[in-house]
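*Asks:*
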Amino acid sequence: LTDKDGAPLGMYDWVVSTAPPVQTARLFGAYLPEDSPVRGARLLGCHALMLGMSHPPDMPWIAARVQNNPINWISLNSSKPGRNPDITAYVLHTDNAWSEYHIEDDIAEVQSYLLEQFEAITGIRTNNADYLSTHRWRYAVAEEAQNAPPFHHPALGLAAVGDWCAPSRVEDIWHAAMRLAAMPI
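The opening position of the sequence shown corresponds to residue 81 in the working numbering, with each subsequent residue numbered one higher.
1. Look up R163 in the DSSP assignment and say whether it is helix, strand or coil.
2. According to DSSP, is N176 helix, strand or coil?
3. Does V241 pass the burial test, meaning 16 or more other C-beta atoms within 10 Å, or should it be called exposed?
4. Is the segment 253-262 touching the segment 99-113 in the sense that three or more CB pairs, one from each, lie closer than 8 Å?
5. Looking at the secondary structure, which residues open and close the beta strand (DSSP E) in which Y211 lies?
6. From the DSSP output, in three-state form, read off S116 for me.
7. Quick check: the segment 166-178 against the segment 123-142, are at least 3 beta-carbon pairs closer than 8 Å?
8. Could you say if the segment 207-219 and the segment 228-239 meet the contact criterion of at least three C-beta pairs nearer than 8 Å?
9. For a test of the three-state rule: what should DSSP assign to N152, helix, strand or coil?
10. Give the secondary structure of T202 by DSSP, where H, G and I count as helix, E and B as strand, and everything else as coil.
11. Where does the unbroken alpha helix (DSSP H) through V96 begin, and where does it stop?
12. For the segment 220-256, list the beta strand (DSSP E) runs that are entirely contained and at least 3 residues long, ordered along the chain.
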C-alpha cells in the first residue's frame, strides 16, 4: 500500500474502505468494476447542531420530529441514561434536501440560521448557550436505501462496505459489515 505520493505505507493482506461511495470509487479507481453499486450510490448531506446549556430544560418532550422546516429532528441528548442531569444538550439535524442545497454555505451562517429556527420552534433562547457546535455531514444518509452486497475482491485484497449497500441506520450498516466479514478471503 502506498500513499498519494508513492511512499510505502506497509504490506497488508486487505484494504477495506468504509469511506463514502464517491471517495471509495476514487480510492479504488479502475479496480472497482464500472457496474459496482458503489459507483451508483449517492449519499445526501445533513447539518448537525449541538447546543449546550447549564440550566435544565423546561420542555415537556425529549425528542421532536419537525415538519415544514429546515430542521427535521431535535433531541434532548442529555436525557439519555447515564448523562449528567445538570447539563442540557440539544442536538438537531436538518432536512437532507435543505442541507444538499446549502452544503457549501458558510458554516457560521448555517449555524446562525439554525439557531433562529430552533428558537422559533421551541421558544428556547440560545443567546446564553454555554456550548455551540455545527457540523456539516457531506455524506450522511443514502439517497435511496439499497441492499447491495459489500464490494469484495479476494484476488486484489480489496473490500468496501458502508451506507451505500444498506439502509443508513447503524444497525443495517453493522449487518452489512458482518456480511463482508463472513465472505471468503
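Cβ atoms here follow ideal geometry from the backbone N, Cα and C, with glycine treated the same way.
A quick note: this is a predicted structure, and the numbers were derived from the prediction, not measured.
*Replies:* With the structure as the only source:
1. DSSP places R163 in the coil class of the three-state scheme, outside both helix and strand.
2. Annotated three-state conformation of N176 is helix, per DSSP.
3. Counting C-beta atoms within 10 angstroms of its own C-beta, V241 has 16 or more neighbours from the protein chains shown and is therefore classed as buried.
4. These segments do not touch.
5. Boundaries of the beta strand (DSSP E) around Y211: Y211 to A222.
6. It is coil, neither helix nor strand.
7. Counting C-beta pairs closer than 8 Å gives three or more between the segment 123-142 and the segment 166-178, which meets the contact rule.
8. As far as the Cβ criterion goes, the segment 207-219 does not touch the segment 228-239, which means the pair count is below three.
9. Of the three classes helix, strand and coil, the one that applies to N152 here is strand, per DSSP.
10. Reduced to three states, the DSSP call for T202 is helix.
11. Unbroken run through V96 is the beta strand (DSSP E), V95 to S97; no alpha helix (DSSP H).
12. For the beta strand (DSSP E) assignment, the uninterrupted runs of no fewer than 3 residues enclosed by the segment 220-256 are, from N- to C-terminal side, 231-233 and 238-240.
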